[in-house]
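*Asks:* Structure in structure tokens, see below.
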Amino acid sequence: MPTRVITFAGSTLSIEYQGDRAARIVNFLFRHISTDGGEAAQVKYRLLSAPQGGTDELALYDDENLLGRSKDEAEIADLLLGNSCYKLAYHSRGGLLFHAGGLARQGKGLLLPGTMGVGKTTLTAWLVSRGFDYLTDEMVYIPHQANAMQGLTRPLNLKHPSRPVVQAWFDYETQAARFYSAAATDLIPPALFRPNNQLSQPRLRLIIFPRYQAGSKFSLKALSKAQAGLALMQCLINARNLTDHGFPEITRLTKSAPAYKMSYASFEQIGDRIETILRSLPLTPGRG
Amino acid sequence: MDLTCKPKQRPDYRLEQLDDELLLYHPSQTVIMYCNPSASLIWQLCDGERAVEEIITLLSTAYEQPSEAIAAEITSTLAQFHQHRAIEYVGQEDSRKSG
């Protein structure tokens, strides 16, 4: 049976799959994620097709446990993506893994840390449509003693309530055959927002903690290093696997990139402010 | 608060000075505290030798402010430190009651 091994953030997963539909899901979700599996997989998935009432039903297993079954590819894709992200984070070590969006512009890395519901994915999609290169909408890994941002480059996971906003720059109707729409979310490949998207591991140069708040006034406030450190600790996913819960590494990062807290109610309020800040920063810390 | 008691930093906190602010982190309790410049200064004066009233006098003289205003900020900050078990009071069995 074909197997896809994926590695990210010090974790390794394997997915055995059977049948064309299963292969399509695996390729759709993980095509941009490294397959350099140096270690044995910590988690093994199996994605199997079985004839059921004239249509192949798909069944997803985590080792021997059935996680779910459905005839709907989108539902299984959503289930596999959510579960695999959780497992990658659970086993992650060797660096800081943040719940964050990640983007690059002219070689400079932008980190958008935030807990669930602050609008990271929608903001990430908007920035990609403005010419930023997409790294991830969910998890950014920064190895110990490094500043390179490694994103979990998965399809953007946009919740349905964000559709009225996203449709301003994305045509859901004409692209319908090229993304998965599950019960609560759309899984959209980054190339549909930006066909010439370049994958990279840029140096972290700017940290923005975004918060979408309907009806709020725009606010962009510079954070001190200590304030940024506190906020970053709150977005660190794999603290329990790290020496001193990653505290020394977090404080190191806060010295290498400026941080801001941004509240907004619409993308018009943001305009080109993020690009302007990034342009003012040198490519590497301490130069320019 | 008993102003004659002497606050002392607990040794099990990790300290990171970032410009004029501090992050205090307790590894086993996974507690993290942000200290603005004023709180950082107060933390640094918690040496187990100075009484709270001496810290108030020292800072009200240094900043030329009424000791009442300074005292309120200092006692409030010390209460937070104590609540997070970042300080202890030398010579008192359980001074959390007074925090």
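So the protein lines, in turn, are chains A and B.
Start counting the first sequence at 370; every next residue gets the next number (my numbering).
Start counting the second sequence at 30; every next residue gets the next number (my numbering).
Even glycine gets a Cβ: it sits at the ideal position worked out from N, Cα and C.
The structure presented is a predicted model; accordingly, all values stated were derived computationally and were not measured.
Starting from Phe616/A, trace the alpha helix (DSSP H) both ways and give me its first and last residue.
*Replies:* Within the first sequence, numbered from 1, the residue matching residue 616/A stands at position 247. That run of the alpha helix (DSSP H) goes Phe616 to Thr623.
*Asks:* Using a Cβ-Cβ cut-off of 6 angstroms (strictly less than) and excluding sequence neighbours within five positions of Leu370/A, which residues of its own chain qualify?
*Replies:* Your numbering for residue 370/A matches position 1 in the first sequence. Per the sequence presented here, residue 370/A reads as Met, with Leu not at that position. Taken in chain order, the residues that qualify are Glu385 and Gln387.
*Asks:* Based on the DSSP output, what are the partners of Arg39/B in its beta bridges?
*Replies:* Taking the second sequence and counting its residues from 1, the one referred to as residue 39/B is at position 10. According to DSSP, Arg39/B bridges with nothing at all.
*Asks:* Please report the distance separating the alpha-carbon of His529/A from that of Glu444/A.
*Replies:* The count along the first sequence starts at 1 and reaches residue 529/A at position 160. The count along the first sequence starts at 1 and reaches residue 444/A at position 75. Cα to Cα, the separation comes out at about 14 angstroms.
*Asks:* Runs of 3 residues minimum, wholly inside the stretch 377-421 of chain A: which ones carry the beta strand (DSSP E) assignment?
*Replies:* Qualifying beta strand (DSSP E) stretches, in chain order: 380-386 and 412-421.
*Asks:* I want to verify the contact list: residues of chain A whose CB lies under 8 angstroms from the CB of Thr59/B, in sequence order.
*Replies:* As a first step, residue 59/B must be located in the second sequence, where it is residue number 30. Under the 8 angstroms cutoff, chain A gives Ala608 and His614.
*Asks:* Please list, in chain order, all residues of the same chain as Gln519/A whose beta carbon is under 6 angstroms from its beta carbon, the five residues on each side excluded.
*Replies:* As a first step, residue 519/A is located in the first sequence; it is residue number 150 there, counting from the start. The answer, listed in chain order, is Tyr510 and Gln570.
*Asks:* Any idea if Asp123/B is buried or exposed, counting beta-carbon neighbours within 10 angstroms, 16 or more meaning buried?
*Replies:* Position 94 of the second sequence holds residue 123/B. Annotation note: pLDDT 49 at Asp123/B (below 50); position unreliable, coordinate value reported separately. That one is exposed.
*Asks:* Among Ile71/B, Arg114/B and Asp76/B, which has the Cα closest to the Cα of Glu102/B?
*Replies:* Reading the second sequence from its first residue, position 73 is the one you call residue 102/B. Comparing Cα-Cα distances from Glu102/B to each of Ile71/B, Arg114/B and Asp76/B, the minimum goes to Ile71/B.
*Asks:* Determine, using beta carbons only, whether Leu44/B comes closer than 8 angstroms to chain A.
*Replies:* Position 15 of the second sequence, counted from the start, is the residue given in the question as residue 44/B. No, Leu44/B lies away from the interface with chain A (no Cβ there is under 8 angstroms from its Cβ).
*Asks:* If we cut at 8 angstroms on Cβ distances, does Asp76/B have a partner in chain A?
*Replies:* As a position in the second sequence, residue 76/B is number 47, starting the count at 1. So no, Asp76/B is outside the interface.
*Asks:* Please list, in chain order, all residues of the same chain as Ala428/A whose beta carbon is under 6 angstroms from its beta carbon, the five residues on each side excluded.
*Replies:* The residue labelled residue 428/A in the question sits at position 59 within the first sequence. Excluding sequence neighbours, Ala428/A sits near Leu417 and Arg438.
*Asks:* Under a CB-based cut-off of 8 angstroms, is Gly598/A close to chain B?
*Replies:* For the purposes of this step, residue 598/A is taken as residue 229 along the first sequence, with counting starting at 1. So, interface residue.
*Asks:* Excluding the 5 residues flanking Thr104/B on each side, which residues of the same chain have their C-beta closer than 6 angstroms to its C-beta?
*Replies:* Working through the second sequence from its first residue, we reach residue 104/B at position 75. Taken in chain order, the residues that qualify are Met30.
*Asks:* Counting only the same chain and skipping the five closest in sequence on each side, list residues whose C-beta sits under 8 angstroms from that of Asp48/B.
*Replies:* Sequence index remark: in the second sequence, residue 48/B carries index 19 (1-based). Within the same chain, Asp48/B has no close Cβ partners at all.
*Asks:* What's the gap between the Cα of Ala446/A and the Cα of Arg39/B?
*Replies:* Locating residue 446/A in the first sequence gives position 77, counting from the first residue. Locating residue 39/B in the second sequence gives position 10, counting from the first residue. If you take the alpha carbons of Ala446/A and Arg39/B, they lie about 50 angstroms apart.
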